[in-house]
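**Student:** Sharing a structure, written as structure tokens. Questions coming.
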Amino acid sequence: MKIQRHRPDNSDRSSRGQHQPSRFNLAAVALGVSLLLLLGSGWLKSGGLKLAISGIAAVLLAGALVKIFRDLNFSSPRLLNGSPRQLAWIRILVCLTAFVFTVIEDLPSFSSLPAAMQNRHQLFHLLTILPGPSTLLSTPYLLGALQWTTATLLFLGLIGFQTRTTLFLGGLGFFLIQAILRNYSYLFHAGLVPLYLLLVISWTPCAATWSVDRWLNRRKPQPSARLIGFSVYACYAVMAVIYFVSGLSKLRESGLDWFRGENIEQKLVMDALEPIFLDYKWKASLWLVQHHAPDYIFAIIGAIGLIVELGYISVLFSRTARIIMPAAAFGVHLGILLFQHILFLDLLVLQFIFLEVDRILIFLQRHFWPECRIRDVCSLSGRLGLAHRILPA
């Protein structure tokens, strides 16, 4: 006996498939309009009109993002590699970067600096008027305790022990250390990216694998694939937004004059006169200025940096961009190190969070660890859609 099962005709399936994309396109349009409104308000003078446009754009932006995130399938390998290993890899790199930035400082020596050197603008004023922070800044032992307690917490987060607690407390300690450094100097961006990522990743299930917590509690069920994928996407969004906003700030400050060779030449000279990190007598950027390099050379230098920053937002939408843009950004920062002797260690290291570790593990297991169980390789490749490349037909 045959059982006749009802199958929807083409009209039913087409109408059902068109409903969700139309809503998604509407949210994408709202997202674009909100971004244009925010960009336009940035050129307005402060006043009621600017505040009103910014408020409307912010509400529209929040609604569009909520709608887009609810419709996206973060567990799909077509969107991104949202695996527990990828999230654990991000945790390790972020904690390692923040750990290095913590231990290289001589925080207790800041207690001997005069109070007149402190930055009293905006929130930095709280470090000088509140009783707790003011006592901390004047006591070398407390500063040393803050530094090494934070380093210990970051190391525990790196190995995945009591991960959420150590990441959250380590992030707060790292935030306070970065605030103290800027309190006695100026607002610089080295160390900000790992700080933002720490504050985000502490709320994710990043200890689902490659962690002491997982080793101690192997029977704990794995988080949902959608949650893992969203967590990885959130970390990527932090990097993308930082670069994109950095590019927009250049356009807002200089406009199209940013592409003029004279503008870039002036900025290179200003950076060369400030020994930011590596103070060498010879710098390639100064050599270009001294030998009167053509303006188009400086224009190309500025255009490449701006294109990379503005194009970095594409890592949120394309897996190909997650290969090209981090490599391009790594090349830009490496060029800055070679030409200007300015080291952005965090931005160099954190480009590797886009490295798809599952594909690397599959490659290593196929070529160097043939004794590994084939089912482990297949289970790993199944989430990436690579099973047909591993098993023979």
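Per the working numbering, the very first residue in the sequence shown carries number 1; after that it's consecutive. Note that the Cβ used here is the ideal one computed from N, Cα and C, for glycine as well. Remember, predicted model here, so these are calculated numbers, not experimental data.
1. Whose CA, out of F339, R164, I353, lies closest to the CA of A237?
2. How is C235 classed by DSSP in three states: helix, strand or coil?
3. Please determine, among F317, V332, P140, the residue with the shortest C-alpha to C-alpha distance to V308.
4. In the DSSP assignment, find the unbroken alpha helix (DSSP H) run with R214 in it and report its ends.
5. Leaving aside the five residues before and after E262 along the sequence, list all residues of the same chain whose C-beta is less than 7 Å from its C-beta, in chain order.
6. Check whether the Cβ atoms of L439 and G170 sit closer than 8 Å, and answer yes or no.
7. When you compare only the Cα positions, how much space is there between I415 and L96?
8. Given L142, which residues of its chain have a CB within under 8 Å of its CB, disregarding the five upstream and five downstream residues?
9. Is P223 near P194, with beta carbons less than 8 Å apart?
10. As a quick exercise: from L87, V33, A190, pick the residue whose alpha carbon is nearest that of L348.
11. Helix, strand or coil: which one does DSSP assign to I104?
12. Hey, how far is the Cα of L51 from the Cα of T139?
13. So, with DSSP's three-state summary, where would you put L79?
14. Quick check: the stretch 209-224 against the stretch 76-93, are there 3 or more CB pairs under 8 Å?
15. State the Cα-Cα distance for the pair L402 and L36, rounded to the nearest angstrom.
16. Look at L198 and A98 and say whether their C-beta atoms are less than 8 Å apart.
17. Go through its chain and collect everything with a Cβ distance to G17's Cβ below 6 Å, but skip five positions before and after it.
18. For G63, does the three-state DSSP call read helix, strand or coil?
19. Just how far apart, CA to CA, sit G144 and S211?
20. Just to confirm my understanding: we take L156, look at its own chain, exclude 5 residues before and 5 after, and list those with CB closer than 6 Å. What are they?
21. Any contact between the stretch 301-317 and the stretch 251-270? By contact I mean 3 or more CB pairs, one from each, below 8 Å.
22. Flag this pair as yes or no: are the beta carbons of I56 and A28 separated by less than 8 Å?
23. For a test of the three-state rule: what should DSSP assign to W148, helix, strand or coil?
24. Using the Cα positions of L316 and S202, report the straight-line distance between them to the nearest angstrom.
25. Under three-state DSSP, which class holds W89?
26. Give me, in chain order, the residues of the same chain whose beta-carbon lies closer than 7 Å to that of A321; leave out the 5 immediate sequence neighbours on both sides.
27. Quick one: Cα of L391 to Cα of V357, how far?
28. Roughly how far, in whole angstroms, is the beta-carbon of R182 from the beta-carbon of F188, given that I think they are within contact range, below 8 Å?
29. What separation, rounded to the nearest whole angstrom, lies between the Cα atoms of A58 and L38?
30. Drop a sphere of 10 angstroms on the beta-carbon of E253, count the other beta-carbons inside from all chains shown, and report buried for 16 or more, exposed for fewer.
31. Return the CA-CA distance between I92 and G160, expressed in angstroms with no decimal places.
32. Helix, strand or coil for K220? Go by DSSP, reduced to three states.
33. Given this structure, state the Cα-to-Cα distance separating S185 from A115, to the nearest angstrom.
34. Once DSSP output is grouped into helix, strand and coil, what is the label at C206?
35. Using CA coordinates, which residue listed in L192, L355, R366, I180 is at the minimum distance from Q118?
36. Indicate the three-state DSSP secondary structure (helix, strand or coil) for F161 in the structure shown.
**Tutor:** Well, looking at it:
1. On the sequence shown, residue 237 is found 237 positions in, with the first residue counted as 1. Measuring from the Cα of A237, the nearest candidate turns out to be I353.
2. Residue mapping note: residue 235 aligns to position 235 of the sequence shown, counting from 1. Here C235 sits in helix by DSSP.
3. The count along the sequence shown starts at 1 and reaches residue 308 at position 308. Looking at the Cα atoms, V332 is the closest of the given residues.
4. The count along the sequence shown starts at 1 and reaches residue 214 at position 214. Element bounds for R214: 212-216.
5. Taking the first residue of the sequence shown as position 1, residue 262 is located at position 262. The answer, listed in chain order, is D295.
6. In the structure as shown, the chain starts at 1 and stops at 393, and residue 439 therefore has no counterpart that could be examined.
7. The displayed coordinates of the chain run from 1 to 393. Any statement about residue 415 would go beyond what the structure contains.
8. Within the sequence shown, the letter at position 142 stands for residue 142. Closer than 8 Å at the Cβ level, and outside the excluded window around L142, lie T135, L136.
9. Walking along the sequence shown from the start, residue 223 turns up at place 223. Walking along the sequence shown from the start, residue 194 turns up at place 194. Contact: no.
10. Translated into positions along the sequence shown, residue 348 becomes position 348. Looking at the Cα atoms, A190 is the closest of the given residues.
11. In the sequence shown, residue 104 corresponds to position 104, counting from 1. Correct three-state label for I104: coil.
12. One-based indexing of the sequence shown puts residue 51 at position 51. One-based indexing of the sequence shown puts residue 139 at position 139. One C-alpha to the other measures close to 43 Å.
13. The residue you call residue 79 lines up with position 79 of the sequence shown. It is coil, neither helix nor strand.
14. yes
15. Residue 402 cannot be examined here, being either before or after the span of the chain that is shown, 1 to 393.
16. Mapped onto the sequence shown, residue 198 falls at position 198. Mapped onto the sequence shown, residue 98 falls at position 98. Result yes, Cβ atoms of L198 and A98 sit closer than 8 Å.
17. In the sequence shown, residue 17 corresponds to position 17, counting from 1. Its pLDDT being 46, under 50, G17 is placed unreliably in this model, and the value from its coordinates should be taken loosely. Nothing meets the Cβ criterion.
18. Taking the sequence shown and counting its residues from 1, one reaches residue 63 at position 63. In the structure shown, G63 sits in a helix (DSSP, three-state: H, G or I).
19. Numbered from its first residue, the sequence shown carries residue 144 at position 144. Numbered from its first residue, the sequence shown carries residue 211 at position 211. G144 and S211: Cα-Cα distance of roughly 28 Å.
20. Here residue 156 refers to the residue found at position 156 of the sequence shown. The residues are T166.
21. yes
22. Along the sequence shown, read from residue 1 onward, the residue named residue 56 stands at position 56. Along the sequence shown, read from residue 1 onward, the residue named residue 28 stands at position 28. For I56 and A28, no; Cβs fall outside 8 Å.
23. Within the sequence shown, the letter at position 148 stands for residue 148. W148: helix per DSSP, three-state reduction.
24. Residue numbering aside, residue 316 sits at position 316 when the sequence shown is read from its first letter. Residue numbering aside, residue 202 sits at position 202 when the sequence shown is read from its first letter. One C-alpha to the other measures close to 21 Å.
25. Position 89 of the sequence shown, counted from the start, is the residue given in the question as residue 89. Residue state, collapsed to three classes: helix.
26. Taking the sequence shown and counting its residues from 1, the one referred to as residue 321 is at position 321. Correct list, in chain order: S314, V315.
27. By one-based count along the sequence shown, residue 391 stands at place 391. By one-based count along the sequence shown, residue 357 stands at place 357. Low confidence applies to L391: its pLDDT is 40, below 50, so where it sits in the model is not reliable enough to give any reading.
28. As a position in the sequence shown, residue 182 is number 182, starting the count at 1. As a position in the sequence shown, residue 188 is number 188, starting the count at 1. Indeed they touch by this definition, with Cβ atoms about 7 Å apart.
29. For this step, residue 58 is matched to residue 58 along the sequence shown. For this step, residue 38 is matched to residue 38 along the sequence shown. The straight-line gap from Cα to Cα measures roughly 8 Å.
30. As a working note, residue 253 is residue 253 in the sequence shown. With fewer than 16 other Cβ atoms within 10 Å, it is exposed.
31. Within the sequence shown, the letter at position 92 stands for residue 92. Within the sequence shown, the letter at position 160 stands for residue 160. Going by the C-alpha atoms only, they are around 9 Å apart.
32. Position 220 of the sequence shown, counted from the first residue, corresponds to residue 220. Reduced to three states, the DSSP call for K220 is coil.
33. Numbered from 1 along the sequence shown, position 185 holds the residue referred to as residue 185. Numbered from 1 along the sequence shown, position 115 holds the residue referred to as residue 115. Each residue's alpha carbon lies about 12 Å from the other.
34. Numbered from its first residue, the sequence shown carries residue 206 at position 206. Three-state result, C206: coil.
35. In the sequence shown, the residue the question calls residue 118 occupies position 118. Comparing Cα-Cα distances from Q118 to each of L192, L355, R366, I180, the minimum goes to I180.
36. Locating residue 161 in the sequence shown gives position 161, counting from the first residue. Of the three classes helix, strand and coil, the one that applies to F161 here is coil, per DSSP.
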